[in-house]
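Novice:
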Amino acid sequence: MAALLSLSLNGCGHRNYVKPDLSDIQTTNIKETTASAETSVIEVQNESESSGSLSTDPESKTAASIYVYKNDKVTIEYPVLKQLSDESKLEAVNSLLKDNALEIINAYSIDPLKDTLTVSADIISADRNRISVAYTGVLSSEGAAHPTNVYYTSVIDLKTGKNIRLTDYVDPKLLAQYVLSDQCKFYNTSPELKEALMSARTDMDEQTYTDIFQNADFSSKQLEKGASEFPESFSYEDQGVIIVSIPVAHALGDFALIEYTPETK
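Residue numbers (the working numbering): 44 to 308.
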């Protein structure tokens, strides 16, 4: 049975992020839950948000609230649109938002009775054209030597109800060249970690990065086919700046974010 839980919307911070340990000593920072283990899936709605609604662009008539999917040791936040300029797309967009948020369960073959997964959702932007959501969390798999930081995004075209991918606005090869260049900028990174990442990024060559970026982000066609291959890179665009994730070693945080501004879009 559904229950009500008080949540808050924070900025785009890594709330469940295990900080990288450059001395190879890994610490864990997983949100604890006081609720007893559940054997069934529940959706928890923020009552205060549902009554007032969160709107990041009032003029676009786009409003959203944060819901929570919970199944035993698995807890995943995801947005639910309450209002859309094109109401005919509302159900399809909400279904895709939820599918994207929960795709990690299938892709990682997560057992909610044995594996612990906590994922937080941050709505980066929501206007009349698109909604962009960034997910950060921690996965502790049974028998694993250490927890894994997870990061993914969900960017949906609100006019078509389809996923928007990195290849829709970026040339994967040009982005790969940028990552390997001296101009590469890391997003939301400490100076110490940035230095380590600048060195580690060359562990992969241009073709490897190109392939990763070519297959970045969720594909609507892939979801329709029921495929559960999880992309190695995710992206979103915020005020003309594209933020792209790349895989890195666990000691460096499991993922790093690149800040990229293409000359032409």
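All C-beta atoms in this analysis are idealised placements derived from N, C-alpha and C, irrespective of residue type, glycine included. All figures in this text were calculated on a predicted structure; none of them were measured in a lab.
#1: According to the neighbour-count rule (16 or more other Cβ atoms, all chains shown, within 10 Å of its Cβ), is Lys202 buried or exposed?
#2: Which first and last residues belong to the beta strand (DSSP E) in which Ile285 is found?
#3: Mind checking Thr251: buried by the 16 CB within 10 Å criterion, or exposed?
#4: Which one or two residues does DSSP pair with Tyr279 in a beta bridge?
#5: Using CA coordinates, which residue listed in Val198, Ala292 and Gln220 is at the minimum distance from Asp211?
#6: Just to confirm, are Arg173 and Asp200 a CB contact at a threshold of 8 Å?
#7: Under a Cβ-count criterion, where at least 16 other Cβ atoms within 10 Å of its own Cβ denotes burial, should Thr245 be classed as buried or exposed?
#8: Measuring straight from C-alpha to C-alpha, what distance separates Pro190 and Ala294?
#9: Which residue wins for smallest C-alpha separation from Val176, given the options Leu182, Asp165 and Ser183?
#10: What do you get for Thr304, buried or exposed, if any count of 16 or more other CB atoms within 10 angstroms of its CB means buried?
#11: Go through its chain and collect everything with a Cβ distance to Thr253's Cβ below 7 Å, but skip five positions before and after it.
Specialist: Answer, in terms of the structure:
#1: Counted from its first residue, the sequence shown places residue 202 at position 159. Exposed, by the Cβ-count rule.
#2: Along the sequence shown, read from residue 1 onward, the residue named residue 285 stands at position 242. Val284 to Pro290 is the span of the beta strand (DSSP E), which, as asked, contains Ile285.
#3: Reading the sequence shown from its first residue, position 208 is the one you call residue 251. With fewer than 16 other beta carbons inside 10 angstroms of its own, Thr251 counts as exposed.
#4: Your numbering for residue 279 matches position 236 in the sequence shown. Paired residues: Ile286.
#5: Counted from its first residue, the sequence shown places residue 211 at position 168. Checking every option, the nearest Cα to that of Asp211 belongs to Val198.
#6: Within the sequence shown, the letter at position 130 stands for residue 173. Within the sequence shown, the letter at position 157 stands for residue 200. Taking 8 Å as the cut-off, the Cβ atoms of Arg173 and Asp200 count as close.
#7: Start at 1 with the first residue of the sequence shown, and residue 245 comes out as number 202. By the neighbour-count rule (16 or more Cβ atoms within 10 Å), Thr245 is not buried but exposed.
#8: The residue you call residue 190 lines up with position 147 of the sequence shown. The residue you call residue 294 lines up with position 251 of the sequence shown. Answer to the nearest angstrom: the Cα atoms are 11 Å apart.
#9: The residue given as residue 176 occupies position 133 in the sequence shown. The option with the nearest alpha carbon to Val176 is Asp165.
#10: The sequence position of residue 304 within the sequence shown is 261, counting from 1. Its Cβ having fewer than 16 others within 10 Å, Thr304 is exposed.
#11: By 1-based counting over the sequence shown, the position of residue 253 is 210. So the qualifying residues of the chain are Pro215, Lys216 and Ala219.
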